[in-house]
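**Q**
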Amino acid sequence: MSALRNLSALRLRGRLALVILLACLVQGCKTQLYTNLSEREANSMVAALLQQGIAADRVVQKDGRLTVNVAEERFADAITVLEQAGLPEQTFASMGEVFKSNGLVSSPTQERAQLIYALSEELAHTVSQVDGVVSARVHVVLPDNDLLKRTVAPSSASVFVRYEAGLDINALIPQIKTLVANGISGLGYDGVSVIPVQAAARAPAPETPRFSAFLGIWLLEASVSRAAWLLGTLLLAIIVLAGALGYTLWRGRQPHRYALVEVP
316 MSALRNLSAL RLRGRLALVI LLACLVQGCK TQLYTNLSER EANSMVAALL
366 QQGIAADRVV QKDGRLTVNV AEERFADAIT VLEQAGLPEQ TFASMGEVFK
416 SNGLVSSPTQ ERAQLIYALS EELAHTVSQV DGVVSARVHV VLPDNDLLKR
466 TVAPSSASVF VRYEAGLDIN ALIPQIKTLV ANGISGLGYD GVSVIPVQAA
516 ARAPAPETPR FSAFLGIWLL EASVSRAAWL LGTLLLAIIV LAGALGYTLW
566 RGRQPHRYAL VEVP
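Letter 203 of the sequence shown, counting from 1, is numbered 518 in our numbering, and no numbers are missing.
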């Protein structure tokens, strides 16, 4: 009975050791790329990375947001791929977010500031959707609603556009000015100024990684050595556990010697 108990305890310890070993190996190979992502953002990032041969996965956080993880040695390549893909996308506050009710009565000054900010965000979001535009910012100036003033400054807007290298931005400037002018009441075409800035040339995309066969399974060449090391570690653990099991069984089969004790 004692031998069976020792055997069961040994098997349980061996299973726990394997689980802990595998967990440590898996966690040690991964690093966080981006956190607090929505499902759409995480899916786009993982898809872009997988298309370039970079293994990536998603992990759900406690608050329901997602984290994208990649192999530690591919971290730099993953950042380059996502930058070239324009990910993560620039975020903008929507009208609903800007004018979200907080239960308090807003002052006219606060409402005016919210209106200007909402217009700027909406227009910047639209301009950033143009092909070749990396990022955009729109600054809107609206006249004061003061009837006592004799002269009222007209509405105006300033647009900052950061565009990709090689894009003919001069052909897009008239369209951007028309878009912004039509999006703001009382704003004329001449009241919109566009400041284009060319983005720095990006590094070339990493080469498509090569695959190699390992025990009949196709793996990335960079992962073959890790897979071999992992397999060797598992085999070594199995050999150690088998030896310990054999020794336990051998000890259980040995005859027990009893010493006679004389009772006075």
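Note that the Cβ used here is the ideal one computed from N, Cα and C, for glycine as well.
Could you spell out where the alpha helix (DSSP H) holding Ala-391 opens and where it closes?
**A** Note, Ala-391: alpha helix (DSSP H), 390-399.
**Q** Return the Cβ separation of Ala-472 and Val-507 in integer angstroms, given the expectation that the two are a contact with Cβ distance under 8 Å.
**A** Between Val-507 and Ala-472 the Cβ distance is about 5 Å, and since that is below 8 Å, they are a contact.
**Q** Do three or more CB pairs link the stretch 354-367 to the stretch 376-395 at distances below 8 Å?
**A** Contact between the stretch 354-367 and the stretch 376-395 is present, because at least three Cβ pairs lie under 8 Å.
**Q** Shortest alpha-carbon distance to Pro-469 belongs to which of Gln-399, Ala-543, Gly-503 and Leu-482?
**A** Out of Gln-399, Ala-543, Gly-503 and Leu-482, Gly-503 has the C-alpha closest to the C-alpha of Pro-469.
**Q** Here's a check: name, in chain order, each residue in its chain whose Cβ is nearer than 7 Å to the Cβ of His-454, leaving out the five neighbours to either side.
**A** Around His-454: Ser-435, Ala-472 and Ser-473.
**Q** To the nearest angstrom, how far is the alpha carbon of Leu-457 from that of Glu-437?
**A** Distance between the alpha carbons of Leu-457 and Glu-437: 15 Å.
**Q** Quick one: Cα of Leu-383 to Cα of Ile-499, how far?
**A** Residue 383 is actually Val in this sequence, not Leu. Cα-Cα distance, rounded: 39 Å.
**Q** Kindly identify the DSSP beta-bridge partner or partners of Ser-473.
**A** Paired residues: His-454 and Ser-508.
**Q** Let me confirm a value: Gly-567 is counted as buried when at least 16 other C-beta atoms fall within 10 Å, else exposed. Which label applies?
**A** Counting Cβ neighbours within 10 Å, Gly-567 comes out exposed, since fewer than 16 surround it.
**Q** Could you give the distance in angstroms between the alpha-carbon of Asp-345 and the alpha-carbon of Leu-352?
**A** The question names Asp, yet the displayed sequence has Lys at residue 345. One C-alpha to the other measures close to 17 Å.
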